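Just below is one structure, and these are the notes that go with it.
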Amino acid sequence: MGSGTTAISSVRSGRNFVGYKIDQRYISLTKNRMTPYLTQTKIVFEHKQERSSGILKSQ
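Here the sequence shown is numbered in our numbering, starting from 949 and rising by one per residue.
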């Protein structure tokens, strides 16, 4: 999922997305980048402790 660029593009175009991260640095970066878009869509950040993974999705 990189740094969330595709997720941001999805929100801007009215599409849903699901992203998966395993690197905590990128999880934090993506959350910070998505903050301005939280009012435009319902974004769910789900943190799984196994291997420090994070799931990000819009609904």
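Ideal placement from N, C-alpha and C gives every residue a C-beta, glycine not left out.
Model, not experiment: these values are computed from the prediction.
Asked                                                                                                     : Found
Compare the Cα-Cα distances from Arg960 to each of Leu977, Glu994, Thr987 and report the closest residue. : Thr987
Distance, Cα to Cα, Asn964 vs Ser957?                                                                     : 10 angstroms
Helix, strand or coil for Ile956 per DSSP?                                                                : helix
For the beta strand (DSSP E) that contains Lys969, what are its first and last residues?                  : 966-969
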